[in-house]
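In the UniProt record's numbering, the protein residues as written are 1 to 490.
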């Protein structure tokens, strides 16, 4: 159900010229009127939410690179090992949609906090496990939290920022993946080898206390609060943001009341239109998930069979985590200059090209490290583009569920991919260059399609609260068409 802000007949009569009333900005317009700059408020927001993002990344790296220690301690059959490897994805299939509903029903911030409890609680279950089945249960519980935290965090970051800066903010948030990954490398290679993996897991669970920090340092989304009728709270938060941000932009965007938005008189999009949007988002997430895993993880693993092994040394793994941060920062810079479509097309195409080149050259240590570093950075930039682009496809009241289901569908594809890749290499006898051509080609086609058709997410005519314009460049490109649309409606 979509909540619409409407006024009573009395209020509408009071708005007539006979009895004029003072016009006020809507919550959405006031946030969008903020200057697109990183003020102290947004720096603090990035640090607080970025640390929760980094905790998730660190836990993932810890789980991935302690599998050898866990396997030596707890014997597991080949079949159990296969399920064990995909169990986090299995949890995320359910976690994304579940916490998407929680975010839309009870708020973005509470969804993030509960998701953190699930992800670290699953780690505690794994630490106490004495059999392979219990380990799988623990990883599934962690996966539920991972899927929920991913979508809810992106939505909250997007809704707390002005439209022209939301893409940059989400990309900078994604940069904390590399920061957390570096911490995870330290935990996996330095701490777990000395304190044992169980002790390391339990110690890491203490990071769940960071959920308390989120509760008191990160405000709830004022856009969501306004969408469910809690306008007093929404306006109070916006006023604090305006004061902390030091807004100097004086553009007046007036509407008939704080509760009424321009979208309230707009016809709801047809089922077919919504289906096309959702399908486009799901296809984008599936292509990114399958291609990034193939090009970023599976191809280097195959190269290690007859060339240099990137994943046997903590220093090279750490370098890849730095590459993730570099890629996300590059995406944040590129958004404001070129917009989402061009950035995504460029990053995806370059990632495919470098991967194909790597598959044909000699796999020496220097070449493998250098090219994989570049590919990892480009794939991370692609993910930043996708994360920044997705929330704009959905109205505020459905945004948590929208991105949550996208996460779930992509993780379902990841589970299938974890079984498909070995089958393609071992049964279909597809070579490393062949895998690079298939995965890189699929990613490039999807990226070029998005760029070629300039596919906007949620159009201006459908909901001004949720627009495809996530950067200054996108906003400038859409201003003329939006102005024409307003003129026609008048």
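Built from N, CA and C at the ideal position, the CB exists for glycine as well.
Proximity of residue i and residue j at Cβ, strictly below 9 Å
{"i": "residue 311", "j": "residue 327", "result": "no"}
{"i": "residue 114", "j": "residue 138", "result": "no"}
{"i": "residue 175", "j": "residue 384", "result": "yes"}
{"i": "residue 58", "j": "residue 181", "result": "yes"}
{"i": "residue 145", "j": "residue 117", "result": "yes"}
{"i": "residue 215", "j": "residue 342", "result": "no"}
{"i": "residue 335", "j": "residue 171", "result": "yes"}
{"i": "residue 93", "j": "residue 408", "result": "yes"}
{"i": "residue 112", "j": "residue 153", "result": "yes"}
{"i": "residue 189", "j": "residue 314", "result": "yes"}
{"i": "residue 396", "j": "residue 285", "result": "no"}
{"i": "residue 435", "j": "residue 359", "result": "yes"}
{"i": "residue 157", "j": "residue 45", "result": "yes"}
{"i": "residue 62", "j": "residue 187", "result": "yes"}
{"i": "residue 99", "j": "residue 241", "result": "no"}
Closest Cα partner of residue i within the set the options
{"i": "residue 367", "options": "448, 451 and 307", "result": "307"}
{"i": "residue 450", "options": "167, 386, 273 and 207", "result": "386"}
{"i": "residue 51", "options": "75, 207, 334 and 91", "result": "207"}
{"i": "residue 219", "options": "97, 382, 239 and 332", "result": "239"}
{"i": "residue 48", "options": "187, 217, 224 and 200", "result": "217"}
{"i": "residue 508", "options": "349, 231 and 344", "result": "This structure cannot speak to residue 508, because the chain is shown only from 1 to 490."}
{"i": "residue 441", "options": "396, 288, 410 and 188", "result": "288"}
{"i": "residue 354", "options": "74, 191, 433 and 452", "result": "433"}
{"i": "residue 192", "options": "357, 68 and 365", "result": "68"}
{"i": "residue 74", "options": "283, 381, 356 and 197", "result": "197"}
{"i": "residue 447", "options": "421, 205 and 281", "result": "281"}
{"i": "residue 357", "options": "315, 299 and 404", "result": "299"}
{"i": "residue 151", "options": "363, 270, 173 and 130", "result": "173"}
{"i": "residue 345", "options": "315, 381, 414 and 316", "result": "381"}
{"i": "residue 39", "options": "273, 230 and 160", "result": "160"}
{"i": "residue 107", "options": "400, 412, 95 and 200", "result": "400"}
{"i": "residue 410", "options": "283, 30, 427 and 129", "result": "283"}
{"i": "residue 71", "options": "101, 53, 60 and 129", "result": "129"}
Reduced DSSP secondary structure (H/G/I, E/B, other) of residue i
{"i": "residue 369", "result": "helix"}
{"i": "residue 405", "result": "helix"}
{"i": "residue 75", "result": "coil"}
{"i": "residue 21", "result": "Confidence in residue 21 is poor, its pLDDT being 27 and thus under 50, which makes the residue's placement too unreliable to answer from."}
{"i": "residue 42", "result": "helix"}
{"i": "residue 177", "result": "helix"}
{"i": "residue 461", "result": "Model confidence at residue 461 stands at a pLDDT of 36, short of 50, so the residue's coordinates are unreliable; what they give is reported in the following sentence. In the structure shown, residue 461 sits in coil (DSSP, three-state: anything other than H, G, I, E or B)."}
{"i": "residue 283", "result": "helix"}
{"i": "residue 363", "result": "coil"}
{"i": "residue 36", "result": "coil"}
{"i": "residue 26", "result": "coil"}
{"i": "residue 220", "result": "coil"}
{"i": "residue 163", "result": "helix"}
{"i": "residue 119", "result": "helix"}
{"i": "residue 274", "result": "helix"}
{"i": "residue 259", "result": "Its pLDDT being 40, under 50, residue 259 is placed unreliably in this model, and the coordinates cannot settle the point."}
{"i": "residue 325", "result": "helix"}
{"i": "residue 349", "result": "helix"}
{"i": "residue 228", "result": "coil"}
{"i": "residue 427", "result": "coil"}
{"i": "residue 332", "result": "helix"}
{"i": "residue 156", "result": "helix"}
{"i": "residue 312", "result": "helix"}
{"i": "residue 248", "result": "Residue placement at residue 248 cannot be trusted, given a pLDDT of 47 that sits under 50; what the coordinates show is reported in the next sentence. Coil, per DSSP."}
{"i": "residue 453", "result": "coil"}
{"i": "residue 399", "result": "helix"}
Own chain partners of residue i with C-beta closer than 6 Å, once the 5 adjacent residues on each side are dropped
{"i": "residue 379", "result": "292, 296 and 351"}
{"i": "residue 323", "result": "373, 376 and 377"}
{"i": "residue 32", "result": "162 and 163"}
{"i": "residue 424", "result": "430"}
{"i": "residue 459", "result": "Confidence is the limiting factor: at residue 459 the pLDDT is only 42, short of 50, which leaves the residue's position unreliable, though a coordinate-based value still follows. So the list is empty, once near-sequence residues are dropped."}
{"i": "residue 320", "result": "376"}
{"i": "residue 226", "result": "27 and 234"}
{"i": "residue 318", "result": "182 and 185"}
{"i": "residue 277", "result": "393"}
{"i": "residue 64", "result": "none"}
{"i": "residue 420", "result": "none"}
{"i": "residue 499", "result": "In the structure as shown, the chain begins at 1 and stops at 490. Residue 499 is therefore absent and cannot be evaluated."}
{"i": "residue 127", "result": "198, 201 and 202"}
Same chain only: Cβ atoms within 8 Å of residue i, ignoring 5 sequence neighbours per side
{"i": "residue 136", "result": "80, 83, 84 and 87"}
{"i": "residue 369", "result": "308, 310, 316 and 319"}
{"i": "residue 417", "result": "289, 290, 293 and 294"}
Close beta carbons around residue i, own chain, < 7 Å, minus the five adjacent residues each side
{"i": "residue 141", "result": "91, 118, 121, 122 and 125"}
{"i": "residue 361", "result": "367"}
{"i": "residue 76", "result": "84 and 132"}
{"i": "residue 414", "result": "89, 289 and 293"}
{"i": "residue 364", "result": "308"}
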